[in-house]
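These notes concern the structure reproduced below.
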Amino acid sequence: MMYESFKLFAGVLSNRTRFDIVMLLMKKEMSVLELCSESGYEQSRVSHNLRCLLNCGFVDVEQQGRRRVYSLNHEMKDLISGMENHIQLYEVRLRKCDILREEGITSIRVER
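So for the sequence shown, this note's numbering puts the first residue at 1079; every next one is plus one.
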């Protein structure tokens, strides 16, 4: 059960569009149009993935006049910050792992 739950949770962030949205919302709250402008993604793509992030509870939304402004919830901000710290600690070792390389996992380029 725990594996399946972890896989579900990690699956939300393994999608590149959702990951990019989360990383943008780490910096500041944004509207859909701001997210589109910053990410370069089309509005339908951003809206679709925001709906997933909202449904999963990763993101909050606030109505500000005619605009809906999205923010990453505090728990997710803390989790992402913690993950960033751990990634810095383990990234070199992860990239050197032959087993991960054989599985094709280390072929993914890390962007900073």
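Where is the CB? At the ideal position from N, CA and C, for every residue including glycine.
Counting other Cβ atoms within 10 Å of its Cβ, LEU1132 stays below 16 and is therefore classed as exposed. Across the structure, CYS1175 and ARG1144 are spaced so that their CA atoms are roughly 50 Å apart. Assigned with DSSP and collapsed to three states, TYR1119 falls in coil, not helix or strand. From the listed residues PHE1097, VAL1124, GLU1180 and GLY1182, the smallest Cα separation to LYS1155 is found for PHE1097. The closest CA to that of ILE1158, considering only LYS1105, GLU1180 and THR1095, is found on LYS1105. A residue is called buried when at least 16 other Cβ atoms come within 10 angstroms of its Cβ; ILE1099 meets this threshold and is buried.
Annotation: the continuous beta strand (DSSP E) that includes GLU1140 extends over 1137-1142. Here SER1125 has VAL1110 as same chain residues with Cβ atoms under 8 Å from its own Cβ, once five neighbours each way along the sequence are excluded. Rounded to whole angstroms, the separation of the alpha carbons of ARG1094 and ASN1151 is 19 Å. The DSSP-derived three-state label of MET1079 is coil.
Per the coordinates, the alpha-carbon of CYS1130 lies some 16 Å from the alpha-carbon of MET1108.
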